[in-house]
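Okay, structure first, notes after.
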Amino acid sequence: MRLKAKSAIVTGAASGFGAAIAERFAAEGARVVVADLNEAQGQAVAQRIGGVFVRCDVSRAEDVQALVQTAVQAYGRLDIVVNNAGVTHVNKPHLDVTEDEFDRLYRVNVKSLFHMNRAAVPAMRANPGGSSGVFVNVASTTGVRPGPGLCWYSGSKGAVITTSKGLALELARENIRVCVVNPMIGETAMLEQFMGMPDTPENRQRFLARIPLGRFTQPADVAGAALYLASDEAGFLTGVCLDVDGGRNI
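Below you can see the structure in the form of structure tokens.
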């Protein structure tokens, strides 16, 4: 039980990477708040793992504040936050991305970290026994090595990585860690958007050719990385960006 009695929030946890993280955390003893806009799927995940569901738009400060308050009220403390919720634009040339698409990217992928930081850090400072906690932010390999057709998405994930490192420095003296997981393109509901073309075996091969280990990132891969970074085993790691990419960024 690597997270026994820990209290955790996982955003974007109704499906994909987030659902896998929530399930893995619960299996390791964590008490999990499942946060998502999709109420039906989010409730199903929470029920399956014995957790609490909160409908949350991570781009809205009031939603994030209410989410953190729910976690503290339900479990008495806040130990872990996984900022997994994110959006992309369809893979396409940079000039074809609209201003609305650009703004949505930065509201959900970047400004959400601002809102969560302001809500969660005071809760972590107030933990019984003293200040402690860990943030695991889900970015992307494209935040390190941009891919064609994903310019503005890559920029938003690069901002997640840089912001996470800055927060890691500022929060280290308070025993609050901040780490990042960088998945490669994964088999989730967003796969076709990242590809920018129909999800066919032929088109999949075009993307798989870039990955040395020869497969897409699976939700379980990201869940395992998030579990390690959130656990006490990684207690001396902060500002770390862990590529979960089958070697793509080598």
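999 is the number that the working numbering gives to position 159 of the sequence shown; each next residue is one higher, with no gaps. Glycine residues also receive a C-beta, built at the ideal position from the N, C-alpha and C atoms.
query	result
Cβ shell of residue 923 (< 7 Å), same chain only, five flanking positions each side left out	851, 952, 953, 956, 975, 977 and 978
Inter-stretch contact at 8 Å, needing at least 3 Cβ pairs: the segment 957 to 976 / the segment 992 to 1000	no
Buried versus exposed, by CB contacts within 10 Å (16 or more), residue 846	buried
Rounded C-alpha distance that separates residue 1014 from residue 961	10 Å
Nearest-angstrom Cβ-Cβ length linking residue 1086 and residue 1051, presumed shorter than 8 Å	4 Å
From 1018, 992, 880 and 894, residue whose alpha carbon lies closest to that of residue 973	1018
Closest by C-alpha distance to residue 848, when choosing among 858, 1071, 872 and 1063	872
Cβ neighbours of residue 1089 in the same chain (closer than 6 Å, five flanking residues each side left out)	981, 984, 985 and 1083
Contacting residues, own chain, Cβ-Cβ under 8 Å from residue 971 (five flanking each side not counted)	964, 965, 1014, 1015 and 1016
C-beta contact flag for residue 892 and residue 859 at 9 Å	no
Cβ pair residue 1067, residue 868 closer than 9 Å	yes
Neighbourhood of residue 945 by C-beta distance below 7 Å, restricted to the same chain and skipping five residues each side	927, 929, 992, 993 and 996
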